[in-house]
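Report on one structure; see the data block that follows.
In my numbering, the protein residues as written are 1 to 272.
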């Protein structure tokens, strides 16, 4: 009989697929590569323009990639404020243009800090938003009034392409996670079955009593059901043992060895 579906402390869960995208260095490398092409198309280096991509999720904001140390510093400063152009672009779902930080009065706190980093104008736009996370691109220029309508048009084209690529990455990660979750569940069920077999054959426990005993050990040791089952299987000693030494390793998982059929809460006629 198969063991019941595992529940309890320590049962492993894999990262959310969007967390994998959020934390992946491969995604950072991808963003750097495609944005480099976009910057080449608008002659960003010649015009003193750099860039940064910011990832947002509840309680966490980080600059995922940047074209220069100055752009990264300016972006991280922007993320440290409660409001700013990049956050406004995410709320509005469209680009936000600051033609001259010295004259713009919408975010005076950040404008002063941006000027200290050599930023005189900037352009922010959302790339995409998913369940619980979002991404945005910001362009930082060293001169006021640096951005043209053609820059905005090309920027929108660029973010559409990046959004499609990121969605594909999320879908692939979701499929990979589903397969990994299935593999973990299957291996965990096998371990549970083996551990229950050890407890029933070596100690005469019933199936439900053995499951209850597994859960009790998991609670007392804070190891979780999977690790507990693995330890019981590993500690089981095949073949005959010396009198009084049967499965001493299993009994060592907690202070007392598993009760026999007629002992404790598992004595004949009682329920687990």
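For every residue, glycine included, the Cβ atom is placed at its ideal position computed from N, Cα and C.
Predicted model only: the values in this text are computed from it and were never measured.
Give me, in chain order, the residues of the same chain whose beta-carbon lies closer than 7 Å to that of residue i; leave out the 5 immediate sequence neighbours on both sides.
{"i": "residue 117", "result": "70, 73, 74, 77"}
{"i": "residue 86", "result": "54, 78, 124, 136, 138"}
{"i": "residue 99", "result": "121, 144, 145"}
{"i": "residue 115", "result": "101, 102"}
{"i": "residue 58", "result": "132"}
Name the two residues that bound the continuous alpha helix (DSSP H) containing residue i.
{"i": "residue 220", "result": "207-221"}
{"i": "residue 72", "result": "69-79"}
With a threshold of 6 Å on Cβ separation, who are the neighbours of residue i within its own chain once the five nearest residues in sequence on each side are excluded?
{"i": "residue 91", "result": "none"}
{"i": "residue 56", "result": "134"}
Which residue marks the beginning of the beta strand (DSSP E) containing residue i, and which one marks its end?
{"i": "residue 138", "result": "133-141"}
{"i": "residue 47", "result": "No beta strand (DSSP E) holds residue 47; DSSP gives it neither H nor E."}
{"i": "residue 146", "result": "Run containing residue 146: none; DSSP gives neither H nor E here."}
Near residue i, which residues of its chain fall below 8 Å by C-beta distance, leaving aside the five closest residues on each side in sequence?
{"i": "residue 245", "result": "With a pLDDT of 45 at residue 245, under the threshold of 50, the modelled position of this residue cannot be trusted; read the value that follows with caution. Closer than 8 Å at Cβ, skipping near neighbours: no residue."}
{"i": "residue 151", "result": "42, 123, 139"}
{"i": "residue 34", "result": "158, 161, 162, 165"}
{"i": "residue 109", "result": "81"}
{"i": "residue 48", "result": "141, 142, 143, 146"}
Cα-Cα, which of the options is closest to residue i?
{"i": "residue 159", "options": "100, 93, 211, 111", "result": "93"}
{"i": "residue 29", "options": "65, 40, 230", "result": "65"}
{"i": "residue 232", "options": "206, 193, 208, 207", "result": "193"}
{"i": "residue 225", "options": "129, 201, 195, 47", "result": "195"}
{"i": "residue 148", "options": "44, 37, 32", "result": "44"}
{"i": "residue 235", "options": "38, 205, 199", "result": "199"}
{"i": "residue 39", "options": "154, 210, 204, 205", "result": "154"}
* Identify every run of the alpha helix (DSSP H) within the segment 72-131, keeping only runs that are complete inside it and at least 4 residues long; order them along the chain. => As far as the segment 72-131 is concerned, its whole alpha helix (DSSP H) runs of at least 4 residues are 85-92, 108-116.
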